[in-house]
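A.B. asks: This is the structure I want to talk about, given as structure tokens.
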Ligand SMILES: [Zn+2]
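Written out as structure tokens, the structure reads:
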């Protein structure tokens, strides 16, 4: 397939050298197109036209073979198992520039720059709630709306709930692309998907419970998604206006 998605990961290894070894070892059966080091250096490991093994069992918007449609970027960060340090500014600047290039070369829709946790919510939490999606958005990468403020005491939906309100939120999450069955039952999959959604789009609180802020943020994303232009389209518009 032609790549039409960027999948962002952290390495989850104690340091970048260990991650590099693992990504180059045939026996580990894991690979990615790019590795971005803490100091901003970028190592290309697989050509963009080739398939790499970074997504594993995953789903987005009807697609299960994510490895065949996604460019994988591994960001050197030890992750949640090793105190999860902040991403250095230089590293984020390098990731942003890399994504801009990939978006332009491959025509990636903004809303298809995703976290590994978005496509595998039950298994993965990378790149995690510290990854600054807002910063990337400000440079024309990915999809973002400002999260609706958290208001204490708003009605929440939690694991075990049933009914129309659960059906409604499941339907919205499925519309956005998440792998969720619209059953009306707030099962463990729903909990995991809500957590993944929050990790990406409402990182102030990642608890797997649907409060008003979570619901409103998701509604805003859906409403805005059709209007977000790719960088290439924006550049064409600009060129037309300027001529
Ligand atoms: Zn990953």
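Numbering (the numbering used here), first residue to last: 1303 to 1545.
Glycine is no exception: its CB is placed at the ideal position from the N, C-alpha and C atoms.
Whole angstroms are fine: how far does the CA of residue 1363 sit from the CA of residue 1463?
C.D. replies: If you number the chain shown from 1, residue 1463 lands on position 161. If you number the chain shown from 1, residue 1363 lands on position 61. Each residue's Cα considered, the two are about 25 Å apart.
A.B. asks: My parser needs the alpha helix (DSSP H) runs of 4 or more residues fully inside the stretch 1333-1386; what are they?
C.D. replies: Runs found: 1368-1371.
A.B. asks: Nearest-angstrom Cα distance between residue 1496 and residue 1318?
C.D. replies: Mapped onto the chain shown, residue 1496 falls at position 194. Mapped onto the chain shown, residue 1318 falls at position 16. So the alpha carbons of these two residues sit roughly 30 Å apart.
A.B. asks: Which residues in the same chain as residue 1450 place their Cβ atom closer than 6 Å to its Cβ, once the five residues preceding and following it in sequence are excluded?
C.D. replies: As a working mapping, residue 1450 is identified with position 148 in the chain shown. Same-chain partners within the cutoff: 1515, 1518 and 1519.
A.B. asks: Which residue or residues does DSSP assign as beta-bridge partners of residue 1417?
C.D. replies: In the chain shown, counting from the first residue as 1, residue 1417 sits at position 115. Per DSSP, 1310.
A.B. asks: Hey, quick one: how far does the alpha helix (DSSP H) through residue 1427 stretch, first residue to last?
C.D. replies: If you number the chain shown from 1, residue 1427 lands on position 125. Where residue 1427 is concerned, there is no enclosing alpha helix (DSSP H), given that its DSSP letter is neither H nor E.
A.B. asks: Given a threshold of 16 other Cβ atoms within 10 Å of its Cβ, counted over all protein chains shown, does residue 1398 qualify as buried or as exposed?
C.D. replies: What you label residue 1398 is simply residue 96 of the chain shown in a count that begins at 1. By the neighbour-count rule (16 or more Cβ atoms within 10 Å), residue 1398 is buried.
A.B. asks: Which of the three DSSP states, helix, strand or coil, is assigned to residue 1487?
C.D. replies: Your numbering for residue 1487 matches position 185 in the chain shown. It is a strand residue.
A.B. asks: Determine the burial state of residue 1504: buried for a count of at least 16 other Cβ atoms within 10 Å of its Cβ, exposed for fewer.
C.D. replies: Sequence index remark: in the chain shown, residue 1504 carries index 202 (1-based). Its Cβ being crowded by 16 or more others within 10 Å, residue 1504 is buried.
A.B. asks: Please report how far the alpha carbon of residue 1445 lies from the alpha carbon of residue 1326, in whole angstroms.
C.D. replies: As a first step, residue 1445 must be located in the chain shown, where it is residue number 143. As a first step, residue 1326 must be located in the chain shown, where it is residue number 24. Distance between the alpha carbons of residue 1445 and residue 1326 is about 31 Å.
A.B. asks: Cα separation between residue 1339 and residue 1305?
C.D. replies: Counting from 1 along the chain shown, the entry for residue 1339 is found at position 37. Counting from 1 along the chain shown, the entry for residue 1305 is found at position 3. The straight-line gap from Cα to Cα measures roughly 23 Å.
A.B. asks: Please report how far the alpha carbon of residue 1421 lies from the alpha carbon of residue 1480, in whole angstroms.
C.D. replies: Walking along the chain shown from the start, residue 1421 turns up at place 119. Walking along the chain shown from the start, residue 1480 turns up at place 178. Between residue 1421 and residue 1480, the C-alpha separation is close to 7 Å.
A.B. asks: If residue 1385 sits next to residue 1314, beta carbons under 8 Å apart, how far is it from one beta carbon to the other, in whole angstroms?
C.D. replies: Here the question's residue 1385 lines up with position 83 in the chain shown. Here the question's residue 1314 lines up with position 12 in the chain shown. The pair is not a contact, with the Cβ atoms about 12 Å apart (cut-off 8 Å).
A.B. asks: Per DSSP, which residues does residue 1464 bridge with? Please list them.
C.D. replies: Taking the first residue of the chain shown as position 1, residue 1464 is located at position 162. The partner list for residue 1464 (beta bridge, DSSP) reads 1487.
A.B. asks: Quick check on residue 1430: buried or exposed, where buried means 16 or more other Cβ atoms within 10 Å of its Cβ?
C.D. replies: As a working mapping, residue 1430 is identified with position 128 in the chain shown. Residue 1430 should be labelled buried.
A.B. asks: Per DSSP, residue 1320 is paired with what?
C.D. replies: Taking the chain shown and counting its residues from 1, one reaches residue 1320 at position 18. Partner(s): none; residue 1320 has no beta bridge.
A.B. asks: Considering only the beta carbon of each residue, do residue 1334 and residue 1376 sit closer than 9 Å?
C.D. replies: Reading the chain shown from its first residue, position 32 is the one you call residue 1334. Reading the chain shown from its first residue, position 74 is the one you call residue 1376. Yes; because the gap between Cβ atoms is below 9 Å, this pair is in contact.
A.B. asks: Using only alpha-carbon positions, find the residue among 1371, 1331, 1502 and 1347 that is nearest to residue 1303.
C.D. replies: The sequence position of residue 1303 within the chain shown is 1, counting from 1. The shortest C-alpha separation from residue 1303 is found at 1371.
A.B. asks: Determine, using beta carbons only, whether residue 1512 and residue 1471 come nearer to each other than 9 Å.
C.D. replies: Along the chain shown, one-based indexing puts residue 1512 at 210. Along the chain shown, one-based indexing puts residue 1471 at 169. It is a contact, given that the beta carbons lie within the stated cut-off.
A.B. asks: Indicate whether the contact test is met: 3 or more Cβ pairs, each with one atom in the stretch 1354-1363 and one in the stretch 1394-1409, closer than 8 Å.
C.D. replies: Cβ pair count under 8 Å is below three, so no.
A.B. asks: Considering only DSSP beta bridges, list what residue 1459 is partnered with.
C.D. replies: Indexing the chain shown from 1 puts residue 1459 at position 157. According to DSSP, which records beta bridges pairwise, residue 1459 is partnered with 1512.
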